[in-house]
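>
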Amino acid sequence: MIRRLAIILALAVALGPFVVLMVNSVRPSDAFLAPGAGFIPGTITLDHYRAVFGGDGETLRFLANSVIIATATTLLALLLGAPAAYALARARLPFRLSIVFALAFLIVRFYPKITVALPYYLIMRDLGWLDTHLAVILAHVSVTVPFVVWLMLGFLEELPPEIEQSAMMDGCNAWGRFVRVVLPLSMPALGAAAVLTAFTSWNEFLLASTVASNDAKTLPVRISSFITDKGILWGNMAAMGTVIVLPVALFAFATQRYLVRGLTVGAVKG
34 MIRRLAIILA LAVALGPFVV LMVNSVRPSD AFLAPGAGFI PGTITLDHYR AVFGGDGETL
94 RFLANSVIIA TATTLLALLL GAPAAYALAR ARLPFRLSIV FALAFLIVRF YPKITVALPY
154 YLIMRDLGWL DTHLAVILAH VSVTVPFVVW LMLGFLEELP PEIEQSAMMD GCNAWGRFVR
214 VVLPLSMPAL GAAAVLTAFT SWNEFLLAST VASNDAKTLP VRISSFITDK GILWGNMAAM
274 GTVIVLPVAL FAFATQRYLV RGLTVGAVKG
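Residue numbering for the sequence shown follows the working numbering, beginning at 34 and increasing consecutively.
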């Protein structure tokens with residue numbers, strides 16, 4: 034009984050906001066602030082979705098931006114993070130410098146994004162890259178690479194170095210051993226890192242809104258456009274929020290088994 038109650042409470046806390054979001058995405062606009070409006074709307078409407086996807090087609094353009102940026106961010110973060118994690122796991126540095134470098138990645142991972150929003154804006158402005166896909170991708174890569182490094186590092190440190198010895202005897206250098214031996218064995222951790230990196234990029238708002246003003250806007254940034262000088266378009270915001278969250282939720286549900294395996298494989302090996 035206690036276990037079931039704990040599961041129900043956990044689900045309510047985790048899924049409650051999303052359920053409220055979906056319910057309000059089909060609530061008529063005049064019912065949002067109406068006195069005595071209940072949780073379940075008396076009338077259901079799809080007008081908010083029509084408003085979001087209709088008209089100028091901006092939402093579809095921002096959807097394409099989100100897909101492009103999340104995909105590029107994931108590929109680049111893995112391309113940079115996985116070799117860096119391998120180097121840290123196998124490096125023999127004096128004075129425990131490998132631990133220092135690992136802690137540096139951890140610190141970068143956890144500092145508030147608002148502290149680097151202005152530096153990113155100034156850097157992209159000076160480079161002439163404001164409001165480009167590249168600017169948003171680089172900003173997202175900077176906050177996802179540390180996570181990739183830490184996730185992969187936990188797995189690679191548990192991977193016995195002996196499995197690389199045969200490749201070393203065949204004349205493979207460090208890069209060859211990494212590509213031919215380590216990467217295939219690291220697929221569970223690599224897959225988990227890829228999924229979580231894509232989710233992070235897809236959902237990120239602050240840095241994207243800082244360096245992108247129009248052409249490179251993503252879906253989360255699009256939500257802020259429904260706050261106008263005439264008021265807040267609550268229904269449109271709820272509909273857009275549902276559009277953003279639903280693909281992530283469905284994909285997470287479909288890949289949960291592999292995601293959990295990738296996140297725990299290092300601990301199991303230990």
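Don't be surprised by glycine CBs; every beta carbon is placed ideally from N, CA and C.
Can you name the start and end residues of the alpha helix (DSSP H) that V85 belongs to?
By one-based count along the sequence shown, residue 85 stands at place 52. Note, V85: alpha helix (DSSP H), 80-86.
> What is the residue span of the alpha helix (DSSP H) that M34 lies within?
For this step, residue 34 is matched to residue 1 along the sequence shown. No alpha helix (DSSP H) holds M34; DSSP gives it neither H nor E.
> Thinking just about the alpha-carbon of each residue, which of T107, L218, F286, M273 is nearest to the one in F95?
Walking along the sequence shown from the start, residue 95 turns up at place 62. Nearest C-alpha to F95: M273.
> In whole angstroms, what is the alpha-carbon distance linking V178 and A110?
Here residue 178 refers to the residue found at position 145 when the sequence shown is read from its first residue. Here residue 110 refers to the residue found at position 77 when the sequence shown is read from its first residue. The straight-line gap from Cα to Cα measures roughly 5 Å.
> Inspect the CB distances between the segment 209-216 and the segment 135-151 and report whether three or more fall short of 8 Å.
no
> How many Å lie between L54 and T275 at the Cα?
Position 21 of the sequence shown, counting from 1, holds the residue named residue 54. Position 242 of the sequence shown, counting from 1, holds the residue named residue 275. The straight-line gap from Cα to Cα measures roughly 7 Å.
> The ligand MN and L171: does any heavy atom of the ligand fall closer than 8 Å to the residue's C-beta?
Annotation note on the ligand MN: not contained in the displayed structure, which lists no ligands.
> Give the DSSP-derived three-state secondary structure of G114 in the structure shown.
Here residue 114 refers to the residue found at position 81 when the sequence shown is read from its first residue. Helix at G114.
> Apply the 10 Å Cβ neighbour rule to I35 and answer buried if 16 or more other Cβ atoms are within range, or exposed otherwise.
Against the sequence shown, residue 35 aligns to sequence position 2. With fewer than 16 other Cβ atoms within 10 Å, it is exposed.
> Could you please give the first and the last residue of the uninterrupted alpha helix (DSSP H) stretch that includes Y153?
To locate residue 153, count along the sequence shown from 1; it is residue 120. Where Y153 is concerned, the enclosing alpha helix (DSSP H) stretches over 147-160.
> For I73, does the three-state DSSP call read helix, strand or coil?
As a working note, residue 73 is residue 40 in the sequence shown. Note: I73 maps to coil in three-state DSSP.
> Does DSSP classify T261 as helix, strand or coil?
On the sequence shown, position 228 is the one that residue 261 refers to. Correct three-state label for T261: strand.
> Mind checking M202: buried by the 16 CB within 10 Å criterion, or exposed?
Indexing the sequence shown from 1 puts residue 202 at position 169. The residue is exposed, with fewer than 16 neighbouring Cβ atoms inside 10 Å.
> Take every Cβ of the segment 75-93, pair it with every Cβ of the segment 157-171, and state whether three or more of those distances are shorter than 8 Å.
Proximity of the segment 75-93 to the segment 157-171 falls short of the contact definition, fewer than three beta-carbon pairs being nearer than 8 Å.
> Fully enclosed by the segment 178-221, which alpha helix (DSSP H) runs are 4 residues long or longer?
198-202, 207-210
> What's the gap between the Cα of S242 and the Cα of S234?
Within the sequence shown, numbered from 1, the residue matching residue 242 stands at position 209. Within the sequence shown, numbered from 1, the residue matching residue 234 stands at position 201. The alpha-carbon atoms of S242 and S234 are separated by roughly 13 Å.
> What number of angstroms, rounded off, separates the C-alpha of L23 from the C-alpha of L266?
Past the boundaries of the shown model lies residue 23; the chain is included only from 34 to 303, so the question cannot be answered.
> With distances taken from CA atoms, which of M220, D262, L155, A105 is nearest L184?
Within the sequence shown, residue 184 is the residue found at index 151, counting from 1. Cα-wise, what sits closest to L184 is M220.
> Can you check whether the CB of F51 is closer than 9 Å to the CB of A285?
Locating residue 285 in the sequence shown gives position 252, counting from the first residue. Locating residue 51 in the sequence shown gives position 18, counting from the first residue. Not in contact: A285 and F51 (Cβ atoms no closer than 9 Å).
> Is N247 helix, strand or coil when you go by DSSP?
Numbered from its first residue, the sequence shown carries residue 247 at position 214. Coil, per DSSP.
> Is there contact between the segment 255-262 and the segment 193-200, where contact requires at least three CB pairs shorter than 8 Å?
no
> What are the start and end residues of the alpha helix (DSSP H) that includes L279?
Counting from one through the sequence shown, the residue named residue 279 turns up at place 246. Per DSSP, L279 belongs to the alpha helix (DSSP H) from 267-287.
> If you drop the 5 nearest sequence neighbours on each side, which residues of the same chain put their C-beta closer than 7 Å to that of I102?
Taking the sequence shown and counting its residues from 1, one reaches residue 102 at position 69. So the list reads H166, V169, I170, H173, S234, T251, once near-sequence residues are dropped.
> Less than 9 Å between the beta carbons of N57 and A226, yes or no?
For the purposes of this step, residue 57 is taken as residue 24 along the sequence shown, with counting starting at 1. For the purposes of this step, residue 226 is taken as residue 193 along the sequence shown, with counting starting at 1. No.
> Return the CA-CA distance between K302 and V133, expressed in angstroms with no decimal places.
On the sequence shown, residue 302 is found 269 positions in, with the first residue counted as 1. On the sequence shown, residue 133 is found 100 positions in, with the first residue counted as 1. Legend: pLDDT at K302 = 44, less than 50; position of this residue unreliable, value from coordinates given subsequently. CA-to-CA, the gap between K302 and V133 works out to about 24 Å.
> Using only alpha-carbon positions, find the residue among G224, G204, L112, L121 that is nearest to S175.
On the sequence shown, position 142 is the one that residue 175 refers to. Ranking the options by Cα distance to S175, first place goes to L112.
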